[in-house]
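Encoded as structure tokens, the structure appears first; notes follow it.
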Amino acid sequence: MCGTAMFPAGPPWSRVRVLQVLWALLAVLLASWRLWAIKDFQECTWQVVLNEFKRVGESGVSDSFFEQEPVDTVSSLFHMLVDSPLNPSEKYLGFPYYLKINYSCEEKPSEDLVRMGHLTGLKPLVLVTFQSPVNFYRWKIEQLQIQMEAAPFRSKEPCMAEEVCSMSWYTPMPIKNGSVVMRVDVSSNGLGSFIPDKRFQMNINGFLKRDQDNNIQFTVGEKLFDLMPRYFVGVSSRPLWHTVDQSPVLILGGIPNEKYVLMTDTSFKDFSLVELSIDSCWVGSFYCPHSGFTATIYDTIATESTLFIRQNQLVYYFTGTYTTLYERNRGSGSWVRVLASECIKKLCPVYFHSNGSEYIMALTMGKHEGYVYFGTIRDGQVSFEMLPRKWSVCEQIGVTTCSIIWSEYIAGEYTLLLLVETGYGNASKRFQVVSYNTASDDLELLYHIPEFIPEARGLEFLMILGTESYTSTAMAPKGIFCNPYNNLIFIWGNFLLQSSNKENFIYLADFPKELSIKYMARSFRGAVAIVTETEEIWYLLEGSYRVYQLFPSKGWQVHISLQLMQQSSLYASNETMLTLFYEDSKLYQLVYLMNNQKGQLVKRLMPVEQLLMYQQHTSRYDLERKGGYLMLSFINFCPFSVMRLRSLPRPQRYTRQERYRARPPRVLERSGFHNENSLAIYQGLVYYLLWLHSVYDKPYADPVHDPTWRWWENNKQDQDYYFFLASNWRSSGGVSVEMDSYEKIYNLESAYELPERIFLDKGTEYSFAIFLSAQGHTFRTQTELGAAFQLHSQVDVGVVLADPACIEASVKQEVMINRNSVLFSITLKDKKLCYDQGISGHHLMKTSMTVNVVGSSGLCFQETHRGPRMQGNLMVPVFIGCPPGKRLAFDITYTVEYSRLKNKHYFDCVHVNPEMPCFLFRDIFYPFFLIQDLVTGDSGSFQGSPCALLSLVATFCWWWVAGPQWTASRTTARTKSTASTAPWTSNPRGAPRVIRLASPGGCSHFQAKPTSQAPTSASQALPTVGLLGSHRQTPARPLTPRPLHIRPHPLHPPLASLHTDH
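When we follow this note's numbering, the leftmost residue of the sequence shown carries the number 6, and every step to the right adds one.
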């Protein structure tokens, strides 16, 4: 697409000059509020770059995010803090990067603005969200965030006076084991200029390295610096395929006759053009005929650790260097060719990971036509399996030859949906949808796609029953799309078929049969964008039947006219779209612009709401004569004027989001500026806070259920003394560390919007309310004779559940006639019928709830300072099963207290450790356990059955699962002899360990305790193994538990401190 490609092609819609004038007037009227909003609210924006530890304070520098090892540059500074609440014997490490934060406004120097913001009290707040890892067998599943306050820092450049020095704000950029994708949300503390919140992608790029000259290079190829127009102008757009929310690096091919790709680790905020170092060797054969050679990279797929490409019939993959994901470096040294003996015609992506792995599919032609190669990626290791395992798809559906043209994997059902093309002699081609179960190896023919497109006869949709009439246009399907949250399936080509049960399909007649779909961009939150072979863009709300044309359209003409009037740098008269994709439920374009023979590649927002609103107003307006002039009025088809969410519960119990707060240490300088030492101390404090979070994942409970309690356990009573030193500028090292500045937050408030996701388990409920103000008078009363008086509203709400067998919803309506409004109270509840999800956070079932205001689809918009926002359709992903952030923990404190009370004595270890006491094996053992929630801070006694408790105690006493580094000792109570080291079996991490006594017999105690030192390597820096969570104070226990008398076993220790991860 080139030239005026992004403008509507073909004859003008109307040649009436009056309507052209009205459209121009309409553009001005619709833009009036928008221009006011831009002037008052959106002229300023945050700017964030990454700086290495040694480059803090330098201007105009930005570093790549690929270093993953902690740096030992801060420990010496902590030894100077002798009169602080910190323990100098602990090991404090730092992260390799800082976040440098500025902001800019139109036509104003950034340096002046930042300095003004600092003087008016502005402080950026940075919220870093770590994405959960794919392999939950290696890493703990958790939703973790840390909120940091940025510290002001003067630039290193010389300046005449302190008051006019340039400055920036800095925070540490934390790294966590198991996470390579991080979201950074920057917001204001409410002082100074109004700056809207902004989100940045800060992902680790494992495809970079340093050469001998310390320069950064790509490991996959050579970076090119000249983006020539011939690479992009006139090139067809292509899909952007990757694992949703898990891929740190995205890759896009499709550059004609070149083995070039675009790579980005910031979701195309920044990008690089890279020439791949592949051999490009292609040898034709009988089963893979030599019909033509090209260097073009056709299919590209990005996963958490690995990149896949297809060139001609060849498939390659490259594994990045991610030490935070693997125990050892598994990065590739070069591109690896896979399926070398196969003729691969297409790669198909799998958008969601499952069972600790990611997946990819390769479709073959030639000798293995009718089979699919199913690839599995775990920890950077790639393996392929040919499916079906016995007979080909062609043989099982009873045809001689067939071709699989698309494959879609539904991970929760272990099912492949295959779009199969068959030909019967000289007859026309027929298409079927086939289901193949990868677990049972069963294949089933689900649906025969009609041969021709049905005749809709003016309807928006048509149920395919087999009795309808058809046009003469043949159906040409190209692919299948399945949303695992709402179970909707689409078959697409020169048509759109939609189904919710894989059996009954609906034909969406709004999409014209003269067009053919090239690919679909999916949000998985209820919206789908469609790109056709002619580069038209269409839009669909899942579950509805209307398909809207976004480009070309009247709405696009109004929008582009406004952008050119404002001289926007994101639009041009000659532009080419490279791809269309969703990010955080917003639709974006990657576009190549040509202005005055100069090319530019930009990422811009596709304003779906604005286009629909403009299109609605350009086609639905009235001209009324008022006196001697005409008045332009618009018809509002939205059934409500105001929509608000109310009564939202506190989110953490349902979102399972753990959040920590960290503030910079207080500097003893009148200007308030930090120096390199104070920033380094800030690094060490944030590192230690996250390290405390990781080591808190243990099988026994602390006396206080909070990860930070042990940090300040011995110094909390001296808090006033440390405050006195800081207030009188007497703190050593020039900084003061406040204990309350490093804490875990348990009581986050709702943000007046539905959360990104919610977790339900064992009958839990999620309730909220929707407040709707109706348009005009939309209430009526019951008119039947003898019926009780009842007020009814014509504003209705529908709730659609993807899996009604697992969850249920109830809606209560309250009519407020005096406010012309209706309040709908909605409760979503788990029915306790869908189990088999495993331990905490594992194998959760995906489903969703969708709330629709009847008649609002594509018609209702709310004006905000960020532009219009669509209303009336709400979709919430729901996860069913044991949620992350819960654990079963051994209650050491109460067990020791109760055992001493019942047994009338207590023999502890020779070397007493409050965390790991010893119990005499001849005494009756009274264990107590707690069910703890790490997210909300709740904790309660385990109330399970005696049999379950006995099994738990036996597991805790006899089997030990590898966790943090442990030491073991054996002592004898009678003789009080010196402890001697007990043998361990050296199993790998994650395997059970059996502990045996060196010399069995006697009255023995066995103690295991964790080493107290902080880790010194990346693999130990943030261990994330374990099962459930914790609480701030010990709750009440049952009065009289059932005693368990555990007898010693010849192969296991007769008594032991209890430690396990399961």
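Glycine included, every Cβ here is placed at the ideal spot set by N, Cα and C.
Practice task
Using alpha carbons as the reference points, say which of A514, E162, I283 and N140 lies closest to E332.
Solution key: Checking every option, the nearest Cα to that of E332 belongs to N140.
Problem - Straight-line Cα distance separating C164 from V740 - result: Whole-angstrom Cα-Cα distance: 25 Å.
Practice task
Write down the C-beta distance between K834 and G768 rounded to the nearest angstrom, noting that I regard them as a contact closer than 8 Å.
Solution key: Right, their Cβ atoms sit about 7 Å apart.
Practice task
Go ahead and pull the three-state DSSP assignment for H564.
Solution key: Three-state result, H564: helix.
Exercise for the section: Report yes or no: do the region 77 to 90 and the region 731 to 738 share at least 3 C-beta pairs separated by less than 8 Å? Expected result: Yes, the region 77 to 90 touches the region 731 to 738.
Exercise for the section: Return the chain-ordered list of same chain residues with a C-beta closer than 7 Å to the C-beta of K161, the five sequence neighbours on each side being excluded. Expected result: Take K161, set aside five residues on each side of it, and the residues of its chain with a beta-carbon closer than 7 Å to its own are G62 and E63, in chain order.
Exercise for the section: Check whether the Cβ atoms of A534 and L606 lie closer than 8 Å to each other. Expected result: Contact flag unset, no.
Exercise for the section: Pick helix, strand or coil for K113, following the three-state DSSP scheme. Expected result: Of the three classes helix, strand and coil, the one that applies to K113 here is coil, per DSSP.
Problem - Inter-residue Cα distance where the pair is I511 and L467 - result: Put simply, the backbone Cα of I511 is about 6 Å away from that of L467.
Exercise for the section: List the residues that DSSP assigns as beta-bridge partners of T269. Expected result: Note: T269 sits in a beta bridge opposite L255.
Problem - Whole-number beta carbon distance between R664 and Q152, since they are thought to touch under 8 Å - result: For a cut-off of 8 Å, the C-beta gap from Q152 to R664 is around 6 Å, short enough to register as a contact.
Exercise for the section: Please name the residue, chosen from I180, L229, F212 and E154, that lies closest to S193 on a Cα-to-Cα basis. Expected result: Among I180, L229, F212 and E154, the Cα nearest to that of S193 belongs to E154.
Practice task
Quick one: residues in its chain with C-beta nearer than 6 Å to the C-beta of M525, no 5 flanking neighbours on either side, listed in chain order?
Solution key: Close CB contacts of M525 within its chain, under the 6 Å cut and outside five residues either way in sequence, are with F486, V533 and I535 (chain order).
Problem - Sub-8 Å separation of S362 and L330 beta-carbons - result: Not a contact, by the Cβ cut-off of 8 Å.
Handout entry: Given D801 as reference, the closest of A444, P354, C643 and P201 once Cα atoms are compared
Key = Per the Cα distances, C643.
Problem - Y322 - DSSP class collapsed to helix/strand/coil - result: Three-state DSSP puts Y322 in a strand.
Handout entry: Rounded straight-line distance, which links the Cα of I496 to that of K507
Key = Taking the CA atoms as reference points, K507 sits about 10 Å from I496.
Handout entry: Bridge-paired residues (DSSP) for R315
Key = Answer is D304 and V320.
Practice task
May I ask you to verify whether the region 860 to 873 touches the region 746 to 753, counting CB pairs closer than 8 Å and requiring at least 3?
Solution key: The region 860 to 873, when compared against the region 746 to 753, does not touch it at the 8 Å Cβ threshold.
Practice task
Would you check if the region 393 to 401 and the region 335 to 351 touch, i.e. whether three or more CB-CB distances between them fall below 8 Å?
Solution key: With a cut-off of 8 Å on Cβ pairs, the region 335 to 351 is not in contact with the region 393 to 401, counting fewer than three such pairs.
Handout entry: Cβ neighbour criterion (16 or more within 10 Å) applied to A756
Key = It counts as exposed.
Handout entry: Stretch-stretch touch, CB-based, cutoff 8 Å, three pairs: the region 189 to 207 with the region 301 to 319
Key = Judged by Cβ distances under 8 Å, the region 189 to 207 makes no contact with the region 301 to 319, as fewer than three pairs qualify.
Exercise for the section: Leaving out five residues on either side along the sequence, give the residues of the same chain with a beta carbon under 6 Å from the beta carbon of H453. Expected result: Same-chain partners within the cutoff: Q437.
Practice task
Using the Cα positions of Y175 and P101, report the straight-line distance between them to the nearest angstrom.
Solution key: Cα to Cα, Y175 sits roughly 13 Å from P101.
Practice task
Give me the Cα-Cα distance between Y108 and Q52, rounded to the nearest whole angstrom.
Solution key: Their backbone Cα atoms lie some 5 Å apart in a straight line.
Exercise for the section: Give the secondary structure of C353 by DSSP, where H, G and I count as helix, E and B as strand, and everything else as coil. Expected result: In the structure shown, C353 falls within a strand segment according to DSSP collapsed to helix, strand and coil.
Problem - Residue interval of the beta strand (DSSP E) (run including N682) - result: Run containing N682: none in the beta strand (DSSP E); it sits in the alpha helix (DSSP H), E681 to V700.
Practice task
Might you give, ordered along the chain, the residues of its own chain that have their beta carbon closer than 8 Å to the beta carbon of L55, omitting 5 neighbours on each side?
Solution key: Within the same chain, L55 has close Cβ partners S67, D68, S69, F70, Y102, Y103, L104, K105, M178 and M207.
Problem - Exposure label - Q136; buried when at least 16 CB within 10 Å - result: Here Q136 is buried. Its C-beta has 16 or more other C-beta atoms within 10 Å.
Practice task
Keeping to the same chain, check which residues put their C-beta closer than 8 Å to that of L759; ignore five residues upstream and five downstream.
Solution key: Leaving aside the five residues that flank L759 on each side, the residues in its chain whose CB is nearer than 8 Å to its CB run, in chain order, L650, L653, F773, L879 and V881.
Handout entry: Continuous beta strand (DSSP E) stretch holding A731: start and end
Key = In the DSSP assignment, A731 falls outside any beta strand (DSSP E) and lies within the alpha helix (DSSP H) extending over Q724 to S732.
Exercise for the section: Measure how close the beta-carbons of E614 and R874 come, nearest whole angstrom, since I'm counting them as under 8 Å. Expected result: About 6 Å; that satisfies the 8 Å criterion.
Exercise for the section: If I'm right that S558 touches L610 with Cβ under 8 Å, what's the distance once you round it to whole angstroms? Expected result: Contact doesn't hold; Cβ gap of about 17 Å is too wide.
Handout entry: DSSP-derived helix/strand/coil call for M744
Key = Helix.
Exercise for the section: Answer yes if the region 248 to 255 comes into contact with the region 593 to 603, meaning at least three C-beta pairs across the two stretches below 8 Å, and no otherwise. Expected result: Verdict: no, contact absent.
Exercise for the section: Check whether the Cβ atoms of L893 and I831 sit closer than 8 Å, and answer yes or no. Expected result: No, the pair does not count as a contact, with Cβ atoms beyond the cut-off.
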